[in-house]
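Taking it in order: structure first as structure tokens, then the write-up.
There are 4 protein chains.
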Amino acid sequence: MNDFEALTAALLEFRDARDWRQFHSLRNLITSLNLEAAELLELTQWKCDAEVEAMPADPAIHEALRDECADVLLYLLLIADAVGIDLAAAAQEKLEKNARKYPVDKAYGSRAKYTELG
Amino acid sequence: MNDFEALTAALLEFRDARDWRQFHSLRNLITSLNLEAAELLELTQWKCDAEVEAMPADPAIHEALRDECADVLLYLLLIADAVGIDLAAAAQEKLEKNARKYPVDKAYGSRAKYTELG
Amino acid sequence: MNDFEALTAALLEFRDARDWRQFHSLRNLITSLNLEAAELLELTQWKCDAEVEAMPADPAIHEALRDECADVLLYLLLIADAVGIDLAAAAQEKLEKNARKYPVDKAYGSRAKYTELG
Amino acid sequence: MNDFEALTAALLEFRDARDWRQFHSLRNLITSLNLEAAELLELTQWKCDAEVEAMPADPAIHEALRDECADVLLYLLLIADAVGIDLAAAAQEKLEKNARKYPVDKAYGSRAKYTELG
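Protein chains in written order, with the numbering used here: chain L, 36 to 153; chain B, 36 to 153; chain C, 36 to 153; chain P, 36 to 153.
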């Protein structure tokens, strides 16, 4: 059992102990993931770039970032379970796909979309 | 090295081979995570609940869901690296925190927020 | 002065009385618009379609929907002011553009994207 | 008929000519509003603060900002119609509510949330 599987097992046990599967439609999970991502975004609200970069050095903000990242991961694991996705394998393959879309010689130092790479 | 660390190592190698760290401010990573979450949400647009539940059974949509979930994870790993977060430990601890906020006897079968649990 | 201009004038007066323009970078306004849109989305969290449709009939939820819609509009007006957009004219022209992208005979009863219309 | 009502009338005529009301559940409209807000956010992706501030001066980006703002407004009008909200009145009242939550003497030059104002 890899780390993703172990986390997912603990998460499903937490869910089922509370009889919450009935609320976890795929739509609700995707909605919740978006809301957790927005909470992460909220931590940057009203800040300029330099202030955002300085966030991790503040212990209270570091903990808030940590909690929100954890929430995003937990919903992502629930979605992956509902859809039937091996998340670690999916990320590994997506990275390989991106490597082909953004070959080093064309993408080096460029933030252009792959559809715009010369 | 656990699975999260192995994926992060591959991801940072991909990033640095393209000299992309310069674009990966914490703000840009958080923004990108939100955009990938929105792409997942977009897959549910114009669908009723039953159609969303049926999405994983369609091979083309399954692949789209898999790709978007992978993208969310990849940006989450980049954020965790930038902030200095052990993502697996953070999720494990958040789950324990949630277990205290939502005790089984009060939260069973309820979707109320912990602040509203009787 | 049309309705949009009157609202914008009141809004800028509110902002300037509090010396808040310094925080209203275009990025922060766009971020805030996204956060307000997410608060609207949050009202649908954990609900099935039928429950979402029933929301406007509940007075407390109706007021919450009204407040969140107002917040979205207020940030949209601030963005339009910052960018230099006549919002009413922009919406009118976008509607005409959409009418050309989605001709009635091809789009009737279809939710396909215009790029997929036969 | 004010500007909001005139725009809404044109929008509903556009919708009904295409028999699209069947797809416009309240949930789908709120989801779509979030997706349009995300498209606005996407225009800021990979940019630093100074580059975001410079966006309106670039004619192509100005037009993209204008189109996305229009899309946000169009979905907001559809939501207001579905819920039964007078959007102009709602925004006016929200502004008055905010003025009470953020009294000038306490909020001047501060970006603190009203719950944190001293």
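Note that the Cβ used here is the ideal one computed from N, Cα and C, for glycine as well.
> Do you know whose CA, among P:A45, P:A44, P:D38, lies nearest L167 of chain C's CA?
Replying inline: Beyond the ends of chain C as shown, which are 36 and 153, falls residue 167 of chain C; an answer cannot be given.
>> Please list, in chain order, the chain P residues whose beta carbon lies closer than 8 Å to that of S67 of chain C.
In response: Indexing the third sequence from 1 puts residue 67 of chain C at position 32. Those within 8 Å of S67 of chain C in chain P number zero; the least Cβ separation is about 10 Å.
>> Cβ closer than 7 Å: which chain C residues qualify as neighbours of D84 of chain B?
In response: Residue mapping note: residue 84 of chain B aligns to position 49 of the second sequence, counting from 1. Within chain C, the residues near D84 of chain B are C83, D84.
> Hey, is Y149 of chain P's beta-carbon within less than 8 Å of any beta-carbon in chain C?
Replying inline: As a working note, residue 149 of chain P is residue 114 in the fourth sequence. No, Y149 of chain P does not count as interfacial toward chain C.
> So which residues of chain L does E77 of chain C contact, with C-beta pairs closer than 7 Å?
Replying inline: Position 42 of the third sequence, counted from the start, is the residue given in the question as residue 77 of chain C. Under the 7 Å cutoff, chain L gives L70.
> Comparing the C-beta of K129 of chain C with each C-beta of chain P, is any distance below 8 Å?
Replying inline: By one-based count along the third sequence, residue 129 of chain C stands at place 94. K129 of chain C counts as touching chain P.
>> Please confirm whether R146 of chain P has its beta-carbon closer than 8 Å to some beta-carbon of chain L.
In response: The residue given as residue 146 of chain P occupies position 111 in the fourth sequence. It does; some Cβ of chain L falls within 8 Å.
> Does the Cβ-Cβ distance between Y154 of chain L and K129 of chain L come in under 8 Å?
Replying inline: This structure does not reach residue 154 of chain L, given that chain L is present from 36 up to 153, and the question cannot be answered.
> Using the beta-carbon of each residue, which ones in chain B are nearer than 7 Å to E88 of chain L?
Replying inline: Locating residue 88 of chain L in the first sequence gives position 53, where the first residue counts as 1. Neighbours of E88 of chain L on chain B, chain order: S60, L61.
>> Less than 8 Å between C-beta atoms, sequence neighbours within five positions excluded: which residues of the same chain meet that for K100 of chain L?
In response: Along the first sequence, read from residue 1 onward, the residue named residue 100 of chain L stands at position 65. What sits at residue 100 of chain L in the sequence shown is Leu, not Lys. Result list for L100 of chain L: L75, L78, M90, P91, in chain order.
> What first and last residue would you give for the alpha helix (DSSP H) that runs through P91 of chain B?
Replying inline: Translated into positions along the second sequence, residue 91 of chain B becomes position 56. Premise fails: P91 of chain B is in no alpha helix (DSSP H) and is neither H nor E.
> Where do the ends of the alpha helix (DSSP H) carrying E131 of chain L lie?
Replying inline: Counting from 1 along the first sequence, the entry for residue 131 of chain L is found at position 96. That run of the alpha helix (DSSP H) goes 122–136.
> Looking at the structure shown, is N63 of chain P part of a helix, part of a strand, or coil, going by DSSP?
Replying inline: The sequence position of residue 63 of chain P within the fourth sequence is 28, counting from 1. Reduced to three states, the DSSP call for N63 of chain P is helix.
> What number of angstroms, rounded off, separates the C-alpha of E98 of chain B from the C-alpha of A115 of chain L?
Replying inline: The residue given as residue 98 of chain B occupies position 63 in the second sequence. The residue given as residue 115 of chain L occupies position 80 in the first sequence. Approximately 12 Å between the Cα atoms of the pair.
> Can you name the start and end residues of the alpha helix (DSSP H) that N152 of chain C belongs to?
Replying inline: As a working mapping, residue 152 of chain C is identified with position 117 in the third sequence. Residue 152 of chain C is actually Leu in this sequence, not Asn. Counting along the chain, L152 of chain C falls outside any alpha helix (DSSP H), and DSSP gives it neither H nor E.
> Considering only the beta carbon of each residue, do N69 of chain P and A52 of chain C sit closer than 8 Å?
Replying inline: Sequence index remark: in the fourth sequence, residue 69 of chain P carries index 34 (1-based). Sequence index remark: in the third sequence, residue 52 of chain C carries index 17 (1-based). Not in contact: N69 of chain P and A52 of chain C (Cβ atoms no closer than 8 Å).
> How about V87 of chain P and R62 of chain C: do their beta carbons lie closer than 8 Å?
Replying inline: Indexing the fourth sequence from 1 puts residue 87 of chain P at position 52. Indexing the third sequence from 1 puts residue 62 of chain C at position 27. Yes; because the gap between Cβ atoms is below 8 Å, this pair is in contact.
> Mind checking if A73 of chain P is an interface residue toward chain B, Cβ cutoff 8 Å exclusive?
Replying inline: What you label residue 73 of chain P is simply residue 38 of the fourth sequence in a count that begins at 1. Cβ-Cβ to chain B under 8 Å: yes for A73 of chain P.
> Under three-state DSSP, which class holds D102 of chain P?
Replying inline: As a working mapping, residue 102 of chain P is identified with position 67 in the fourth sequence. If DSSP states are grouped into helix, strand and coil, D102 of chain P belongs with the helices.
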